[in-house]
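This report refers to the structure that appears directly beneath it.
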Amino acid sequence: MAAGALMDGLRLDRKHTETNPNTGLTGSRSLADVKTGDTVFVKVAETPTRDGKYVAHLVVKFEHPVYTAPVTNPATNTIVNNVEAYGGPEAQVRAPGDCIVNEMDRRVKSIATGETDTGRQWDDSNFACPDLYEQFHKFSTADTPTAIATALHTGTVTGVVRNTDRSNDAADRIRQALTTEEGRIAVRSYKDYRGRIWTGMAVVFDDYPYKAPTRATDIETGLKTELLTRSGASSWPSVDPCMESKAADWAKSIAESKAKNKDYYDDWKAASAPRIEEKPLLRTYGGMDETFASSGCADGHHAGYVIATKSNSVVSIADEIYKSPTFTQEGKYLYARGWGARRTVDDTLTSARPISVASFRDFRGDVWTYMIAVHDFDGEPGVTRLTPRQIQIAEESVVSEINAYRTTSGGLTPLTNSSCIREAVLGSIMFAGTFRVDGSFGFQDIEHRDPGNKTVTEVFKRCNVKSAAEIMTTSSGKYNNGSDQFARELAQRFVQNWKESGSHDPYLRGRDAKRIGLEVRNSDRAGYYVVTASVTD
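Residue numbers for the sequence shown follow the numbering used here, so the first one is 838 and each next one is one higher.
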């Protein structure tokens, strides 16, 4: 009688209990396992009886012990100690934290749970744990603590290197993690039911050790050469010393920041909003009149642009500047990715107007580049700037002119000049808009910040503003003689512009308006001045 036929007649639900010598856990097998097992050896002995029947004796030998869940490798601590020894005497072992340990434990236990080698795949995706700047993974199937530690320390780790000074070398990353305050290592090891050892290691970094930024002259030189080639200009034009210094200040300032998620617009003080709503590789600021008002380099410049980018590649920066125009789904033009940046660079270089480039490499290896380019020129520098005294007189005169207008427009209550609200309009580029107590705006180009780097909404809430209207205008003043009278006449022109505008005049004569905050400043365009005001309840 064949063994298979013999077993067909046996009860398959009868179970046998045994202990797995590798895991120490108890499991059970039945005759069903004998029939379905692909690594089973069966020996059958048949003995005939007097009545012509047979008594069968089955001897079953399984190649592997009974399946049980994996267990923690008892040598895990020894493995950890062996890995930490690679840090040498300077090692500063830090606890990896519950999230990292739990995630590593889950992954190693999962791969050790398989009953066969088929389909076991190591998960080296990033942990969803907070505040991790970089993370790398390594996996081993070695069977002794020494061999496992050696395997983890040899070769490369998987993960994305964000600092170009570093690599995926396992020994380098382990050593860095063990000798800096930012690094941590998590090791988990499991033994499966066959006795095989599965070990995983995660090397994570909260950040890189801070060091002062350095000038990235390689990016500056390479970018200038690349832009000259693409624009067709023969040589790099002379630089404006003020713009050269300011570009360096801005690039160095962002490179000095320790923020993990910093970007090149968060602390921006350009007077015009970025031309796109997204956050691509590159962003352009600028235009007529309000190009880079906070730079202090505005004299004589009719229009110009600031281009800000973060990239370690000269070609990628140039590619972004010279990209073809693209459109959003709503049909809005992506200004910085199209002719805005390209035209600015081309026109500036081919017309030999001043253009400045400054790049700084931060402690993470990221390079931050700022370009200031004059797109057009108007007037002579330094001949029409308002003095600080003239600015003060003009601001006081604007409030007086508005209050006089309110008195003659039905006896409206005079507005109180508020220094608190003034913080909301410093550097503003908004031409007209409204604010409500829920923090929403009726005009979307509010990008400016107050000196404390608070948003306009935060400033208004701090000043207990329930609603506000913000207005802006410019006025020519090419005949500024530096006198107090010129400042008063300039204020009259500002207010007259608003009175003659159907969209601005209602804000001046609002019956619920009680306070005003305003700023008068010199425009980037020679001979022009700007006033921005918020009229609030």
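Cβ atoms here follow ideal geometry from the backbone N, Cα and C, with glycine treated the same way.
Secondary structure of residue 852, DSSP reduced to three states: The count along the sequence shown starts at 1 and reaches residue 852 at position 15. In the three-state reduction of the DSSP assignment, residue 852 falls in the strand class, which pools E and B.
Q.
I need the straight-line Cα distance from residue 1179 to residue 1367, nearest angstrom please.
A. Against the sequence shown, residue 1179 aligns to sequence position 342. Against the sequence shown, residue 1367 aligns to sequence position 530. Linking residue 1179 to residue 1367 through their CA atoms gives a straight-line distance of about 28 Å.
Query - Within 9 Å, strictly: CB atoms of residue 1027 and residue 885 - result: Residue mapping note: residue 1027 aligns to position 190 of the sequence shown, counting from 1. Residue mapping note: residue 885 aligns to position 48 of the sequence shown, counting from 1. No, the Cβ-Cβ distance between residue 1027 and residue 885 is not below 9 Å.
Cα-Cα separation, residue 956 to residue 975 = Here residue 956 refers to the residue found at position 119 of the sequence shown. Here residue 975 refers to the residue found at position 138 of the sequence shown. If you take the alpha carbons of residue 956 and residue 975, they lie about 18 Å apart.
How far does the beta strand (DSSP E) with residue 1036 in it extend, from its first residue to its last?
Reading the sequence shown from its first residue, position 199 is the one you call residue 1036. Element bounds for residue 1036: 1034–1042.
On the CB-based measure, 16 or more other CB atoms within 10 Å of its CB, does residue 1201 come out buried or exposed?
Counted from its first residue, the sequence shown places residue 1201 at position 364. Taking every protein chain shown into account, the CB of residue 1201 has 16 or more other CB atoms within 10 angstroms, so this residue is buried.
**Asked** So, helix, strand or coil for residue 864, using DSSP?
**Response** Translated into positions along the sequence shown, residue 864 becomes position 27. Here residue 864 sits in strand by DSSP.
Neighbourhood of residue 923 by C-beta distance below 6 Å, restricted to the same chain and skipping five residues each side: Counting from one through the sequence shown, the residue named residue 923 turns up at place 86. Closer than 6 Å at Cβ, skipping near neighbours: 990, 1011.
(Q) Once DSSP output is grouped into helix, strand and coil, what is the label at residue 1355? (A) Here residue 1355 refers to the residue found at position 518 when the sequence shown is read from its first residue. Strand, per DSSP.
Check: Looking at C-alpha atoms only, which residue of 1222, 1092, 1341, 1014 is the closest neighbour of residue 1206?
Finding: Here the question's residue 1206 lines up with position 369 in the sequence shown. Just measuring C-alpha positions, the residue of 1222, 1092, 1341, 1014 sitting nearest residue 1206 is 1092.
Original post:
Which residues mark the beginning and the end of the beta strand (DSSP E) in which residue 976 is found?
Top reply: Taking the first residue of the sequence shown as 1, we reach residue 976 at position 139. 971–977 is the span of the beta strand (DSSP E), which, as asked, contains residue 976.
Would you mind sorting residue 1373 into buried or exposed? The rule is 16 or more other CB atoms within 10 Å of its CB.
-> For this step, residue 1373 is matched to residue 536 along the sequence shown. The residue in question, residue 1373, is buried, as its Cβ has 16 or more Cβ neighbours within 10 Å.
Check: Which residues in the same chain as residue 1036 place their Cβ atom closer than 6 Å to its Cβ, once the five residues preceding and following it in sequence are excluded?
Finding: In the sequence shown, the residue the question calls residue 1036 occupies position 199. Taking C-beta separations shorter than 6 Å and ignoring five residues to either side along the sequence, the partners of residue 1036 in its chain run 977, 985, 1026, following chain order.
query: Among the residues of its own chain, which have a CB less than 8 Å from the CB of residue 921, if the five just before and after it don't count?
result: Locating residue 921 in the sequence shown gives position 84, counting from the first residue. Result list for residue 921: 928, 930, 1015, 1022, in chain order.
task = Could you pull the start and end residues of the alpha helix (DSSP H) that residue 1059 belongs to?
result = On the sequence shown, position 222 is the one that residue 1059 refers to. Its alpha helix (DSSP H) spans residues 1054–1068.
- Task: Determine the burial state of residue 917: buried for a count of at least 16 other Cβ atoms within 10 Å of its Cβ, exposed for fewer.
- Result: Along the sequence shown, one-based indexing puts residue 917 at 80. Classified as buried, residue 917 has 16 or more neighbouring CB atoms from the shown chains inside 10 Å of its CB.
With a 10 Å radius around its C-beta and 16 neighbouring C-beta atoms as the bar for buried, classify residue 1096 as buried or exposed. Here the question's residue 1096 lines up with position 259 in the sequence shown. Taking all protein chains in view, the Cβ of residue 1096 is surrounded by fewer than 16 other Cβ atoms within 10 Å, so the residue is classified as exposed.
* How should residue 1044 be labelled, buried or exposed, when 16 other C-beta atoms within 10 angstroms of its C-beta is the threshold for buried? -> Here residue 1044 is taken as the residue at index 207 of the sequence shown, counted from 1. Buried: at least 16 other Cβ atoms inside 10 Å.
Next item on the list: Can you tell me which of 1038, 980, 867 puts its alpha carbon nearest to the alpha carbon of residue 943?
Entry: For the purposes of this step, residue 943 is taken as residue 106 along the sequence shown, with counting starting at 1. Proximity to residue 943 across 1038, 980, 867 peaks at 1038, based on C-alpha coordinates.
* Who are the Cβ neighbours of residue 993 in its own chain at under 7 Å, not counting the five residues just before and after it? -> As a first step, residue 993 must be located in the sequence shown, where it is residue number 156. Counting only Cβ-Cβ distances below 7 Å, and skipping sequence neighbours, we find 1005, 1006, 1007.
Tell me which same chain residues have a C-beta within less than 7 Å of the C-beta of residue 1000, skipping the five on either side of it? As a working note, residue 1000 is residue 163 in the sequence shown. The beta carbon of residue 1000 sits closer than 7 Å to the beta carbons of 1045, 1201, 1202 from its chain, once the five residues preceding and following it are set aside; these are given in chain order.
### Message
Helix, strand or coil, according to DSSP, for residue 955 in the structure here?
### Response
Sequence index remark: in the sequence shown, residue 955 carries index 118 (1-based). Residue 955: coil per DSSP, three-state reduction.
Problem set entry | Proximity of residue 1064 and residue 938 at Cβ, strictly below 9 Å | Reading the sequence shown from its first residue, position 227 is the one you call residue 1064. Reading the sequence shown from its first residue, position 101 is the one you call residue 938. Not a contact, by the Cβ cut-off of 9 Å.
Quiz item: Going straight from the alpha carbon of residue 981 to that of residue 1029, what length do you get?
Solution: The residue labelled residue 981 in the question sits at position 144 within the sequence shown. The residue labelled residue 1029 in the question sits at position 192 within the sequence shown. The alpha-carbon atoms of residue 981 and residue 1029 are separated by roughly 14 Å.
Problem set entry | Classification of residue 1344 by the beta-carbon crowding that lies within 10 angstroms, buried from 16 upward | Here the question's residue 1344 lines up with position 507 in the sequence shown. Looking at its Cβ environment, which holds 16 or more other Cβ atoms inside 10 Å, residue 1344 is buried.
- What number of angstroms, rounded off, separates the C-alpha of residue 904 from the C-alpha of residue 979? Stepping through the sequence shown from its first residue, residue 904 is reached at position 67. Stepping through the sequence shown from its first residue, residue 979 is reached at position 142. Pairing residue 904 with residue 979, the inter-Cα distance amounts to about 21 Å.
* Asked: How long is the line joining the alpha carbons of residue 1195 and residue 1242, rounded to whole angstroms?
  -> Residue 1195 sits at position 358 when you count from the first residue of the sequence shown. Residue 1242 sits at position 405 when you count from the first residue of the sequence shown. Approximately 48 Å between the Cα atoms of the pair.
- Query: Do you know whose CA, among 1250, 1231, 1061, lies nearest residue 1151's CA?
  - Reply: Counted from its first residue, the sequence shown places residue 1151 at position 314. When 1250, 1231, 1061 are compared, the shortest CA-CA separation from residue 1151 is found for 1061.
Taking the Cβ atom as the reference point for each residue, do residue 865 and residue 855 lie within a distance shorter than 9 Å? Numbered from 1 along the sequence shown, position 28 holds the residue referred to as residue 865. Numbered from 1 along the sequence shown, position 18 holds the residue referred to as residue 855. Yes, the Cβ-Cβ distance between residue 865 and residue 855 is below 9 Å.
For this session: Under 6 Å Cβ to Cβ from residue 1323, same chain only, skipping five residues before and after it: list those, please.
Result: Your numbering for residue 1323 matches position 486 in the sequence shown. Hits under 6 Å: 1317.
- Task: Could you pull out every unbroken alpha helix (DSSP H) segment of at least 4 residues lying fully inside the segment 1217–1244, listed in chain order?
- Result: Whole alpha helix (DSSP H) segments, 4+ residues: 1225–1244.
Is the Cβ-Cβ distance between residue 1210 and residue 1191 less than 9 Å? Within the sequence shown, the letter at position 373 stands for residue 1210. Within the sequence shown, the letter at position 354 stands for residue 1191. In this structure, residue 1191 lies closer than 9 Å to residue 1210 by Cβ.
Problem - Residues near residue 1048 by beta carbon distance below 8 Å, same chain, minus five either side - result: Counted from its first residue, the sequence shown places residue 1048 at position 211. Only 1200 meet the Cβ criterion.
Taking the alpha-carbon positions, what's the residue 909 to residue 1032 distance?
Taking the sequence shown and counting its residues from 1, the one referred to as residue 909 is at position 72. Taking the sequence shown and counting its residues from 1, the one referred to as residue 1032 is at position 195. Taking the straight line joining both Cα atoms gives about 11 Å.
message = Quick check on residue 932: buried or exposed, where buried means 16 or more other Cβ atoms within 10 Å of its Cβ?
response = On the sequence shown, residue 932 is found 95 positions in, with the first residue counted as 1. Result: exposed.
* **Close Cβ partners of residue 1325 (< 8 Å) along its chain, the five nearest in sequence each way excluded** => Counting from one through the sequence shown, the residue named residue 1325 turns up at place 488. Closer than 8 Å at Cβ, skipping near neighbours: 1230, 1231, 1234.
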